[in-house]
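Residue numbers (our numbering): 54 to 435.
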Ligand SMILES: Cc1ncc(COP(=O)(O)O)c(C=O)c1O
């Protein structure tokens, strides 16, 4: 039973927002693309922000031990993961942290393994550093292809950029997979950059395992990069962190410029601490609301598009839909924006081969999920 009722405001109210979600497309397009939720933020976070603004407490970011302390409490309670709080470094956002980590460790111009279908930002971030992505796609059941990854490590690729839980399929990798991954990383002296930004949104019937909580091999080879921004809907506040749990990995993070810290936002950092410390009831209620939404989406797809393939995610509010049956080819998303007035993310942003997929954001009200699908259904029938 949820402590709070987490609901999305009306479309009219949402349309007044200033974020990219509500500004990228004309007002008559229903935006179900970018990974933002439509819910109101948690009250303790709101109060913290109001307090900082009203006290003109908006200077540069100094030390914020509150983030490590709050995350340590959260990680222990939620995942039974005891962290060393001294090995946490703040950064502007997850994207900046990943790019600066790779740049500072000489990865520019090299190769990095990724496991498609995977968050389109990964492809873009690697592109910023002229890094060639080496794709080892997930297996049919969305598990990691450990053998394929090991082949790449053996061939000399030194990094894997992991997305756990994985955007867009919502897969939380198992302890066994991650332990095997850690073993091959250790064997080949490779580094696992584990983006765990969606982890707090893991559903109650699934288990999220932090990479760094998979034993000494994982600690020796991994850096966790994450933020409260996805799960508490704070993307515009610009704060994230890198966490390591071994001397060797801490040394790699230490190569990053000092300015990585200063370029983060003071409001974002304290909002993040507030989220981990006092935002858990809100988070749990949000997960319950999303749980209803992921099943509502399933039912609505069965009603309107029984041939669309959708595997209910284990975490997060993104749905990966195989829409081959819509027969819209490579222009699926453009056609839907134009004809259905619904914006989704193209499948091939997540890997060039996924032209018959789209990513659908269900972090909204059941009514808007139905509205989006109904618009698409009418457009396909017309
Ligand atoms: C897996 C993943 N990592 C990172 C990001 C972006 O994080 P940030 O805004 O902190 O760079 C997203 C946004 O959707 C995401 O899905």
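The beta carbon of each residue, even a glycine, is placed where N, CA and C say it ideally should be.
For ligand 2, is there a heavy atom less than 7 Å away from the beta-carbon of residue i?
i	result
residue 211	What this structure holds is ligand 1, not ligand 2.
Can you tell me whether residue i is buried or exposed? The criterion is at least 16 other CB atoms within 10 Å of its CB, across all chains shown.
i	result
residue 205	buried
residue 300	exposed
residue 270	buried
residue 307	exposed
residue 171	buried
residue 410	buried
residue 69	exposed
residue 315	exposed
residue 354	buried
residue 403	buried
residue 382	exposed
residue 384	exposed
residue 434	exposed
residue 387	exposed
residue 356	exposed
residue 54	Annotation note: pLDDT 48 at residue 54 (below 50); position unreliable, no value reported.
residue 129	exposed
residue 405	exposed
residue 112	exposed
residue 86	buried
residue 107	exposed
residue 318	buried
residue 347	buried
residue 240	exposed
Closest to residue i by CA distance: which of the options is it?
i	options	result
residue 58	67, 77, 96, 348	96
residue 200	176, 230, 375	230
residue 313	77, 406, 297, 152	152
residue 102	321, 329, 349	321
residue 94	405, 435, 336	336
residue 425	389, 403, 249	389
residue 224	241, 258, 277, 242	258
residue 364	158, 114, 186, 221	221
residue 252	228, 246, 217, 375	217
residue 255	394, 131, 375, 400	131
residue 39	272, 154, 298	Missing from the structure shown is residue 39; the chain here goes from 54 to 435 and no further.
residue 298	245, 327, 287	245
residue 399	391, 392, 413, 227	413
residue 380	361, 272, 181	361
residue 287	277, 98, 67, 304	98
residue 327	115, 150, 350, 126	126
residue 274	202, 139, 302, 74	302
residue 63	91, 73, 74, 71	91
residue 195	202, 219, 175, 186	219
residue 408	375, 422, 394	375
- Message: Residues around ligand 1, please: the condition is that the C-beta lies closer than 7 Å to some non-hydrogen atom of it.
- Response: Counting every residue whose Cβ lies closer than 7 Å to a heavy atom of ligand 1, we get 88, 146, 147, 148, 149, 172, 174, 216, 220, 248, 250, 251, 280, 282, 283, 288, 293.
- Task: Let me know the alpha helix (DSSP H) ranges lying completely inside the region 215-276, each 4 residues or longer, listed in chain order.
- Result: Fully enclosed alpha helix (DSSP H) runs of no fewer than 4 residues occupy 228-241, 269-274 of the region 215-276, in order along the chain.
- Item | alpha helix (DSSP H) runs contained entirely in the region 330-366, provided each spans 4 or more residues | Along the length of the region 330-366, whole alpha helix (DSSP H) runs at least 4 residues long occupy 333-357, reported in chain order.
- Tell me, please, whether the region 287-305 touches the region 125-145 by the rule of three or more beta-carbon pairs shorter than 8 Å. Under the Cβ criterion (8 Å, minimum of three pairs), the region 287-305 counts as touching the region 125-145.
- Does the region 354-371 come within contact of the region 417-429, defined as at least 3 CB pairs closer than 8 Å? With a cut-off of 8 Å, the region 417-429 and the region 354-371 count as touching, because enough Cβ pairs lie within range.
- Would you be able to state if there are at least three C-beta pairs under 8 Å between the region 151-163 and the region 201-220? Touching, per the Cβ criterion.
- Query: In chain order, which alpha helix (DSSP H) runs of at least 4 residues are fully inside the region 131-180?
  - Reply: Assignment of alpha helix (DSSP H) within the region 131-180, counting only whole runs of 4 or more residues, yields 147-157 in chain order.
- Query: Counting Cβ pairs closer than 8 Å, one from the region 188-199 and one from the region 330-342, do we hit at least three?
  - Reply: Touching, no.
- Task: Specify whether the region 419-431 and the region 117-124 touch according to this definition: at least 3 beta carbon pairs, one from each stretch, less than 8 Å apart.
- Result: As far as the Cβ criterion goes, the region 419-431 does not touch the region 117-124, which means the pair count is below three.
- Message: As an exercise, report each continuous alpha helix (DSSP H) stretch of at least 4 residues that is fully enclosed by the region 360-421, in chain order.
- Response: Listed in chain order, they are 385-388.
- Task: Say whether the region 266-282 touches the region 230-239, bearing in mind that this needs 3 or more beta-carbon pairs closer than 8 Å, one atom from each stretch.
- Result: Between the region 266-282 and the region 230-239, the count of C-beta pairs closer than 8 Å reaches three or more; the two stretches touch.
- Would you call the region 67-87 and the region 272-281 in contact, with 3 or more CB pairs under 8 Å? No: the two stretches stay apart, fewer than three of their Cβ pairs being nearer than 8 Å.
- Item | Ranges of the alpha helix (DSSP H) found wholly within the region 66-125, counting only runs of at least 4 | As far as the region 66-125 is concerned, its whole alpha helix (DSSP H) runs of at least 4 residues are 73-76, 96-107.
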